[in-house]
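One structure is given below, encoded as structure tokens.
Residue numbers (the numbering used here), protein chains in the order written: chain S, 6 to 344; chain E, 7 to 631.
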């Protein structure tokens, strides 16, 4: 029996709370795309839960008219895991940032991904601590001058996608805040994946780190700096689609120009379903300006899902041991009677 | 022995049997000698026989400290009696020491004239050296003279007993704990069959080991029966416990069972989120077996995640619980604060151990009371309950869950290592006598076409709507909010109001918990106030003082926040009030703060429970002043 769902629109997912992000913050666009995607998923509105930690991005749940928890710094993946454990039918989204997910919450992120709990984790990467007014974050580039690194940060940054792939994530993608169509499509694919979906969104903090992703978002430059991943397709990019990435004799990626004896067939073909994650990992290491940075779905494989397995194990145990009987449990082991 | 040394009868070998009321035995040896097993088996057969029992396992934090070293000694003390008993005993009547290190670290607790049974084969030069003996105390006429010493070549006799089974000498020697057990079974006229059954099921896959251990057990028994070394043996008759069916239970087992029970009878899913930590891990182990009761266990990546997942599970509508020990609570503190401000129901068990920091992981202490009360940022009140003994864990943990749900709050349950690992007979309850929690998840909006998550009832309790319920979508979080919308609010008056409401809600619980009871006179010279695992020692001390004619009463607190409403009157009805605690006076501080009563302390922080005699002599000294 199919139940007809009421037809909802983005507006139905807006809460009555005033949005307090800075004007022109990249977060607005992500919120807007999310509100567009949810009504298209065929999931009743009451089944969505948004869980966040601390940071600018983590105010997100307050602006969605769904169930939500704005929690504590870094712990959203763990809280979301508990929610999912209590009711696997809920669609649970984790909204986090580069500091929240990769610094204070790195452990929880890694383990949620490792377990392949059916969560959608969206990491807003702005390469800065915005809510605390401008300190360098674990994704800030080396040399970055911030309030806490006035002479330049000496730390090396993490690639969020490399971390996720290292933890054996089953769905890994990247998009850009202002690339609205691409972002919408990416969020939708993340929602439909079974298991942990991990999406990095390049997000402009126009107050503390403005322009960090101009190379990936400005009309004149982005096509030369991004390569859009499509499953089974060669890695071609550039304004005129005349550049590509191929593997050289050492199996290392290199940028090549098409023509002059190099055809599409010589290029690296994307395979998001490859069980071996080394291709996805290699793609996650490609960095501007030496390479175009891939966007789209890096990896999309099917593995056992934690919350489903929890339910299965309960059922199997009931099948083999019988539904639990308290009286039997109380009376197990050596017992004796006092008259 | 403890009392009534009347020659009662003779056994078939003509050896006399004496009747005793209460006996305290301690098995001690190297960590690898199987002393916990021997103690547990003796406890089982005594409980099944019908004695009252109380146990005190005492083991090192190292899984296998260097063999023969003082630090590697593991002990198991138990008291069994024909009377109601509440402690594992002060002085040891019979000490079984499997090596020199065990003898050295335990002989001081053996009473003068007590029986000392040693495995003399272990007293070689190497072991003596490791224990710091310059000469063999078993051969020194001036050592051990005050004890009834029995030197038994247990290693050799065990090897001989299993010689025909083709075991390696190492395997054969490993059976020597069963030899010791068999000997003590003979000594106290115990029926070995529960142990034999246990061996059969434990080693079901290895018939040779079944045979070996049972042969060792029999050899020990025969040794007592046949040799001239032991002239008498003893009987401890059945205790007059309340009629009913019993089993043995530890505090951790009872805690896990209580959790599973309350969820089952309330028709709710139980979700346990935890991280392994001594001495709380057994709760995780027990619950993880109960999948056919619908119990979900989540072994989180750390204590912070365990607490966070507990909060998530509570938001999702489960009975959500976690258990840890003091260091784990430190890590959980921030998330517990989130539980307080979001007002979600959950139970947090702290099986307390010696601190600070890693402290004494395997030893008991009750020094986390103030942590439970105040160990979070901001004004962050929550209820605190503490069980009195292992069996009480079963009932009080259900009460903790009930308070959590009925008042929408995290609840602290302060167990301790002594209660958690200690065992006692447990009167098995009738399932039909247990009271479920009435749980109401709203399905209708409670406002004007909106759902108001913080619309409070007359007790200031908010509703528990859960995700998946159409039309009740709402957000909660760690930022200050306003009633009844739950919307973020930073206003000054609002923060004052919300802080007051959260505190008043917890205070209101006092209207729903039982009044404090007192054992002894309603007014008098001295009141002993205790909480948690010191119950048995303080109760026994009180009875002893009362028997001496002293005007002494005892109030044992199970509800520590809020306190029972009549507590102030009780405290003010005695000339002196003394709070013995295994800390530096934490309950004392709370009582003095709240009631301005001159509560005196009696503190002990040695990783061990109180001896009854310590309390009795301290109270007597106060009464004489």
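Backbone N, C-alpha and C define an ideal beta-carbon position, used for all residues, glycine too.
Here the alpha carbon of residue 425 (chain E) sits roughly 15 Å from the alpha carbon of residue 332 (chain E). Taking 7 Å as the cut-off, the beta carbon of residue 34 (chain E) is found closer than this to the beta carbon of residue 108 (chain E). Per the coordinates, the alpha-carbon of residue 326 (chain S) lies some 57 Å from the alpha-carbon of residue 499 (chain E). Note on the stretch 88–176 of chain S: whole beta strand (DSSP E) runs with a minimum of 3 residues are 96–102 and 124–130, in chain order. Taking a cut-off of 8 Å for Cβ pairs, the stretch 209–226 of chain S and the stretch 174–183 of chain S touch, as three or more such pairs fall below it. With a minimum length of 4 residues, the unbroken runs of alpha helix (DSSP H) contained wholly in the stretch 279–328 of chain S fall at 283–289 and 311–326. The beta-carbon of residue 198 (chain S) is placed no less than 7 Å from the nearest beta-carbon of chain E. Here residue 526 (chain E) is not near residue 580 (chain E), since their CB atoms are 7 Å or more apart. DSSP links residue 410 (chain E) through a beta bridge to no other residue. By the Cβ test, the stretch 386–395 of chain E is in contact with the stretch 406–426 of chain E, since at least three Cβ pairs between them sit closer than 8 Å.
At a cut-off of 7 Å between beta carbons, residue 450 (chain E) makes no contact with chain S. Residue-level contact check: residue 218 (chain S) does not touch chain E, since none of the beta carbons of chain E fall below 7 Å from its beta carbon. Per DSSP, residue 362 (chain E) is not a residue of any alpha helix (DSSP H), being assigned neither H nor E.
With distances taken between CA atoms, residue 329 (chain S) lies nearest to E:297 out of E:409, E:246, E:297 and E:349.
Where residue 544 (chain E) is concerned, the enclosing alpha helix (DSSP H) starts and stops at 541–553.
Annotation: the stretch 195–228 of chain S contains the following complete segments of the alpha helix (DSSP H) (minimum length 4 residues), in chain order: 219–222. If only complete runs of 4 or more residues are kept, the stretch 398–477 of chain E shows the alpha helix (DSSP H) at 423–427, in order along the chain. Of S:313, S:159 and S:319, the smallest CA-CA separation from residue 295 (chain E) is found for S:319. At a C-beta separation below 9 Å, residue 468 (chain E) has no neighbours in chain S, since its nearest C-beta there lies roughly 15 Å away. Taking a cut-off of 8 Å on C-beta distances, the stretch 480–498 of chain E does not touch the stretch 427–436 of chain E, as fewer than three cross pairs fall below it. Under DSSP, residue 567 (chain E) forms a beta bridge with E:390.
DSSP places residue 110 (chain E) within a helical segment (H, G or I) once states are collapsed to three. Contacts with chain S at 7 Å (Cβ-Cβ) include residue 344 (chain E). Neighbours of residue 299 (chain E) in chain S, taken as residues whose beta carbon is under 7 Å from its own, are 329 in chain order. Residues of chain S with a Cβ closer than 8 Å to the Cβ of residue 56 (chain E) are, in chain order, 341 and 343.
Within the same chain, and ignoring the five residues on either side of residue 453 (chain E) in sequence, no residue has its Cβ closer than 6 Å to its Cβ. What residue 318 (chain S) touches in chain E, judged by beta-carbon distance under 8 Å, is 297, going in chain order. Among the residues of the stretch 305–322 of chain E, those with a Cβ less than 7 Å away from any Cβ of chain S are 306, 307, 308, 310, 311, 314, 315, 316, 317, 318, 319, 321 and 322, in the order of the chain. Listed in chain order, the non-local C-beta contacts of residue 381 (chain E) below 6 Å within the same chain comprise 339, local neighbours out to five positions each way being set aside. At least 7 Å separates the CB of residue 196 (chain E) from every CB of chain S.
Not one beta carbon of chain E lies nearer than 7 Å to the beta carbon of residue 265 (chain S). The continuous beta strand (DSSP E) containing residue 34 (chain E) extends over residues 28–36. Taking a beta-carbon distance threshold of 7 Å, residue 118 (chain S) does not count as an interface residue toward chain E. When DSSP assignments are scanned along the stretch 71–138 of chain E, the uninterrupted stretches of alpha helix (DSSP H) that are 4 or more residues long and fall wholly within it turn out to be 106–112 and 131–136. Taking the C-beta atoms as reference points, residue 484 (chain E) is found no nearer than 7 Å to residue 93 (chain E).
Annotation: Cβ neighbours of residue 112 (chain S) in chain E (cutoff 9 Å, chain order): 307, 308, 310 and 311.
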